[in-house]
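For reference, the structure is listed below as structure tokens.
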Amino acid sequence: MLVLVMRRAGMALPTLFGVTLIIYLLLSILPGDPLAGLLPQDATEADRAHLASSLGLDRALPVRYVMWLDDVVRGDFGYSQFRRREVAELISVAWRNTASLAVYSATFGLLTGVALGTLAGVYRGSRVDRFVTGFAIVGLSVPSFWVAILLLILFSAQLKVLPAGGLATFEHGAGNYFAHLLMPVLSGSMVSIAITARVSRASIVETFHAEFVDTLRAKGLREWQVLAHVAKNAASPVLTTAGLQVGFLLGGSVLIETIFSWPGLGQLVFNAIAARDLPVVQATTMVIASTFVLLNLGVDLIQMIFDPRLKRGA
Amino acid sequence: MALRVSVPVAEHTEEPFAWTGTETSHDRPLLRVRDLVTQFPTRQGWLTAVNHVSYELRAGRVLGVLGESGSGKSAMLRTILGLQPTSTRISGEVILRDRDLISMSPRERKDIRGEWVSMVFQDPMTALDPVFTVEQQLVETIRRHRPMSKAAASERALELLKTVQISSPERRLKAYPFELSGGMRQRVVIAMALVSSPSLLLADEPTTALDVTVQARVLDLFRELKDGLGMAIIFVTHDLAVAAEISDDIAVMYAGRIVESGRLEDIVRSPQHPYTRGLLEANIRPGQTERPEAIPGAPPNLANLPPGCSFAPRCHAARGECWEALPHLTVVSPTQQVRCVLAAPEGAR
């Protein structure tokens with residue numbers, strides 16, 4: 000078991016290495032002069048060469064990549080000339096904000112989605128099923144920013160019961176903290192609810208058709224016992240999509256964070272792209288991609304708990 | 000008489016079943032199926048999978064139900080067990096231990112499943128839950144029927160595995176189904192069906208998915224269980240050789256109806272129905288050189304049965320009257336009955 004976990008974790012390393020390579024290369028071949036925004040209008044060629052060499056931009060691309068990678072491994076993501084801050088510092092603040100939003104959105108979205116999907120799957124063909132299926136289609140088709148704007152109009156502009164944006168820390172009081180979270184979480188988790196509900200419904204319905212379910216019923220098991228068996232068998236696709244959902248949420252939603260002025264990763268990368276703040280774009284992309292790799296690793300390990308065939312077979 | 004088939008003369012008319020008052024409960028058959036009809040809704044209307052089937056079965060006997068795919072064998076077993084979807088239309092009686100299962104509440108039926116009657120399914124590869132160990136699946140079944148500690152249930156699970164003669168049972172208990180061979184899995188499925196020593200065991204082609212050698216050993220096991228535990232078994236198969244190995248009585252099903260029934264030796268020695276003869280001829284006998292004779296054609300559409308004998312379109316001996324009305328049941332001998340106009344009644348020969 001431990002060997003298997005180590006082997007699977009070892010497989011994540013080359014993936015992460017590939018991620019760094021692709022991100023660095025893609026951003027280096029991007030058109031546009033990274034120095035242009037940093038130099039004053041009247042800078043001379045000498046000034047330019049000086050800045051380039053101080054930033055290491057006069058070296059060959061592979062050398063620059065290795066230097067960058069060396070820094071990244073040590074947790075140094077460089078310095079943002081634009082924000083005049085260490086990139087690592089910018090990211091750690093933004094990541095924490097995004098993560099707090101993501102944890103609530105994921106918990107709410109995945110739990111609601113699984114609950115709705117299970118209900119629909121167990122009572123397939125019923126009114127509950129039709130409602131959930133319809134809701135899932137709406138949830139997937141309606142853009143989350145539109146929901147966000149509707150929520151803003153209703154709860155902030157009209158009813159004036161919720162703050163229109165920004166975040167509050169826990170020291171500002173629990174009520175205040177959750178009031179700021181409520182609308183971003185609701186609008187941000189819409190898609191997660193819809194996708195999770197659809198996937199869990201489909202998986203549960205399919206599993207109910209499996210022949211072992213007949214055996215369970217033939218043994219005289221109660222319906223909740225049958226459902227427990229079905230649920231464990233149906234877990235795999237739900238876990239896979241759940242991992243992706245958490246990944247998306249941890250990457251920060253540019254739209255949701257912009258609408259609710261939530262100082263997270265989405266907003267950080269959005270502003271960095273607009274300002275051609277290369278080190279920040281590189282670092283945030285790196286963080287988001289690594290999050291996905293690590294989440295997939297986590298999901299694979301959890302899958303082993305649900306399906307013993309993965310544990311012993313491979 | 001171990002097996003008696005009673006089929007109403009005309010469809011949809013209930014033939015009074017004569018139960019003599021002199022019979023004590025000891026003589027009474029364990030299972031009485033009377034006029035059982037199972038219909039599924041389809042776009043073309045109601046599909047009659049089980050068509051006015053009646054028979055009796057005593058404890059310790061094995062009834063082999065023989066027929067090709069789609070003849071209603073499995074549907075009949077699932078109806079007895081109560082596994083049919085709620086959209087199914089079921090009528091008739093299934094009287095087990097003097098209780099009619101068909102008129103029971105779903106809750107009562109659930110309590111009886113695995114307790115009085117249990118089932119062994121065709122494919123052991125898919126009949127077990129892949130993500131639970133053998134022990135977990137046995138223990139939950141045991142505890143569902145007999146409240147006891149997990150440790151005690153594990154003990155019992157081990158005993159059951161020994162009963163079904165699994166090699167190194169302690170190790171198999173901890174195994175997941177995918178770690179067992181097909182034969183071992185089927186033994187586990189059988190063990191699961193034996194948990195509460197049911198009076199009636201339904202076996203739906205339990206050896207079909209197994210290799211021939213494994214098949215023979217699983218058949219041996221069934222025979223030992225029958226003798227040792229004294230339960231009645233309904234053994235459904237399409238394979239005459241398998242049916243001959245295990246059955247005391249045979250019922251031949253065609254298009255949802257029982258067309259012929261009798262003791263095993265009656266059916267094998269003097270088959271009366273052309274369909275039964277066809278089934279016998281389709282088997283390869285030792286020393287046979289020519290190709291076995293296959294029955295031409297295919298079974299009829301169960302959603303739209305012809306008024307006469309359902310086998311008439313495929314029968315080489317069919318004549319005018321066969322197409323007009325369902326043949327009466329002919330009593331060929333005290334132990335053999337057939338639903339064919341060609342059969343000579345008892346004493347007429």
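Residue numbers (numbering that gives the first Met the number 0), protein chains in the order written: chain V, 0 to 313; chain S, 0 to 348.
Beta carbons are placed, not taken as given, at the ideal position from N, Cα and C, and that holds for glycine.
Please read all numbers here as calculations on a predicted model, not as lab measurements.
*Which residues, in order along the segment 66-92 of chain S, keep a beta-carbon less than 7 Å from a beta-carbon of chain V?*
L80, L82
Between V:A313 and chain S, is the shortest Cβ-Cβ distance under 7 Å, so that the two count as touching?
Translated into the one-based positions of the first sequence, residue 313 of chain V becomes position 314. Confidence at V:A313 is low in this model, with a pLDDT of 45, below 50, so the placement of that residue should be treated as unreliable; the coordinate-derived value is given next. Chain S, which has no Cβ nearer than 7 Å to the Cβ of V:A313, makes this no.
Within the continuous alpha helix (DSSP H) that includes S:H144, where are the two ends? Counting from 1 along the second sequence, the entry for residue 144 of chain S is found at position 145. 133-144 is the extent of the alpha helix (DSSP H) around S:H144.
Worksheet entry | Boundaries of the alpha helix (DSSP H) in which V:L299 is found, first to last residue | Within the first sequence, numbered from 1, the residue matching residue 299 of chain V stands at position 300. Inspection of the sequence shows that residue 299 of chain V is occupied by Asp rather than by Leu. Run containing V:D299: 277-305, per the alpha helix (DSSP H) assignment.
Item to complete: Using only alpha-carbon positions, find the residue among V:Y103, V:D57, V:F134, V:L34 that is nearest to V:V245.
Response: What you label residue 245 of chain V is simply residue 246 of the first sequence in a count that begins at 1. It is V:Y103.
Buried versus exposed call for S:T23 [16 or more other C-beta atoms within 10 Å across all chains shown]: Within the second sequence, the letter at position 24 stands for residue 23 of chain S. Only weak support exists for where S:T23 lies, its pLDDT of 43 falling under 50; the coordinates are left without a value.
Residue range of the beta strand (DSSP E) that S:A281 falls in? Mapped onto the second sequence, residue 281 of chain S falls at position 282. Note, S:A281: premise wrong, no beta strand (DSSP E); not H, not E.
Within 7 Å of any Cβ in chain S, is that where the Cβ of V:L226 sits? Residue mapping note: residue 226 of chain V aligns to position 227 of the first sequence, counting from 1. Cβ-Cβ to chain S under 7 Å: no for V:L226.
Beta carbon of V:G108 nearer than 7 Å to that of V:I192: Numbered from its first residue, the first sequence carries residue 108 of chain V at position 109. Numbered from its first residue, the first sequence carries residue 192 of chain V at position 193. Their beta carbons are under 7 Å apart, which means V:G108 touches V:I192 by this criterion.
Can you tell which of S:L199, S:D219, S:T236 has its C-alpha closest to the C-alpha of S:G229? Locating residue 229 of chain S in the second sequence gives position 230, where the first residue counts as 1. Selected option, being the one with the closest Cα: S:L199.
(request) Please specify which runs of the alpha helix (DSSP H), each continuous and at least 4 residues long, are wholly inside the segment 150-186 of chain S, giving them in chain order. (result) 168-172
message: Classify S:G85: buried if its beta carbon has 16 or more other beta carbons within 10 angstroms, exposed otherwise.
response: One-based indexing of the second sequence puts residue 85 of chain S at position 86. One point to set straight first is that residue 85 of chain S is Thr, not Gly, in the sequence displayed. Label assigned to S:T85: exposed.
TODO: Express the C-alpha separation of V:S186 and V:L150 in angstroms, rounding to a whole number.
DONE: Translated into positions along the first sequence, residue 150 of chain V becomes position 151. Translated into positions along the first sequence, residue 186 of chain V becomes position 187. Roughly 8 Å between the two C-alpha positions.
For V:F207 and chain S, any beta-carbon pair shorter than 7 Å? The residue given as residue 207 of chain V occupies position 208 in the first sequence. Closer than 7 Å: no.
ask   = Sorted by chain position, which residues of the same chain lie with C-beta nearer than 6 Å to V:R7's C-beta, five sequence neighbours on each side aside?
value = Numbered from its first residue, the first sequence carries residue 7 of chain V at position 8. Hits under 6 Å: D299.
In its own chain, which residues sit with a C-beta less than 7 Å from the C-beta of S:S153, not counting the 5 before and 5 after it?
-> The residue you call residue 153 of chain S lines up with position 154 of the second sequence. Here the set comprises E134, V138.
Exercise. Determine, using beta carbons only, whether V:A147 and V:I255 come nearer to each other than 7 Å.
Key: Here the question's residue 147 of chain V lines up with position 148 in the first sequence. Here the question's residue 255 of chain V lines up with position 256 in the first sequence. Yes, they are a contact pair.
Whether S:E114 touches S:S196 by CB criterion (7 Å) | Residue 114 of chain S sits at position 115 when you count from the first residue of the second sequence. Residue 196 of chain S sits at position 197 when you count from the first residue of the second sequence. Result no, Cβ atoms of S:E114 and S:S196 do not sit closer than 7 Å.
Subject >> S:L127: contacting residues in chain V (beta-carbon distance under 8 Å) >> reply: Counted from its first residue, the second sequence places residue 127 of chain S at position 128. Result: F211, T214.
Quick check: what's the CA-CA separation for S:T47 versus S:S260? Counted from its first residue, the second sequence places residue 47 of chain S at position 48. Counted from its first residue, the second sequence places residue 260 of chain S at position 261. Looking at the two C-alpha atoms, the distance is approximately 20 Å.
Got a sec, what are the start and stop residues for the beta strand (DSSP E) S:L46 sits in?
Position 47 of the second sequence holds residue 46 of chain S. First-last of the beta strand (DSSP E) with S:L46: 44-56.
### Message
Given a cut-off of 7 Å on the beta-carbon distance, is the pair V:A11 and V:L296 in contact?
### Response
Here residue 11 of chain V corresponds to residue number 12 of the first sequence, with the count starting at 1. Here residue 296 of chain V corresponds to residue number 297 of the first sequence, with the count starting at 1. It is a contact, given that the beta carbons lie within the stated cut-off.
Quick check on S:G113 - is its C-beta less than 7 Å from some C-beta in chain V? Here the question's residue 113 of chain S lines up with position 114 in the second sequence. Judged by the 7 Å Cβ criterion, S:G113 is in contact with chain V.
query: Which residues mark the beginning and the end of the alpha helix (DSSP H) in which S:R112 is found?
result: Walking along the second sequence from the start, residue 112 of chain S turns up at place 113. Careful: S:R112 lies outside any alpha helix (DSSP H) and carries neither H nor E.
Handout entry: Residues in the segment 144-169 of chain S having any Cβ partner in chain V nearer than 8 Å
Key = H144
ask   = If you measure beta-carbon to beta-carbon, which residues of the segment 226-255 of chain V are closer than 8 Å to chain S?
value = H228, K231, N232
Exercise. Does V:L220 get closer than 7 Å to chain S when you measure Cβ to Cβ?
Worked result: The residue you call residue 220 of chain V lines up with position 221 of the first sequence. Yes, contact with chain S.
Where the beta strand (DSSP E) containing S:G91 begins and where it ends: Counting from one through the second sequence, the residue named residue 91 of chain S turns up at place 92. Looking at the DSSP string, the run of the beta strand (DSSP E) that includes S:G91 is 88-95.
Please state whether DSSP places S:L200 in a helix, a strand or coil. The residue labelled residue 200 of chain S in the question sits at position 201 within the second sequence. Reduced to three states, the DSSP call for S:L200 is strand.
- Query: So is the beta-carbon of S:L304 under 6 Å away from any non-hydrogen atom of the ligand FMN?
  - Reply: Absence of the ligand FMN from the depicted structure is noted, as is the absence of any ligand whatsoever, leaving it without description.
- request: Using a Cβ cut-off of 7 Å (strictly closer), state whether V:A217 contacts chain S.
  value: Along the first sequence, read from residue 1 onward, the residue named residue 217 of chain V stands at position 218. Judged by the 7 Å Cβ criterion, V:A217 is in contact with chain S.
Handout entry: Minimum C-alpha distance to S:H237 - residue among S:R33, S:E92, S:G66
Key = Counting from one through the second sequence, the residue named residue 237 of chain S turns up at place 238. Minimum Cα distance to S:H237 is reached at S:G66.
| task | Compute the beta-carbon to beta-carbon distance between S:V188 and S:F120, rounded to the nearest angstrom, for a pair I have assumed lies under 8 Å. | result | Position 189 of the second sequence holds residue 188 of chain S. Position 121 of the second sequence holds residue 120 of chain S. With 8 Å as the limit, S:V188 and S:F120 qualify as a contact, their Cβ atoms being about 6 Å apart.
- Can a CB atom of chain V be found closer than 7 Å to the CB of S:V371? Within the shown structure, residues of chain S are numbered from 0 to 348, placing residue 371 of chain S beyond reach of any answer.
- Name, in chain order, the residues that DSSP records as bridge partners for V:Y78. On the first sequence, residue 78 of chain V is found 79 positions in, with the first residue counted as 1. In DSSP, V:Y78 forms a bridge with V:E85.
| In the DSSP assignment, what are the bridge partners of S:M252? | The count along the second sequence starts at 1 and reaches residue 252 of chain S at position 253. DSSP lists S:I257 as partners of S:M252.
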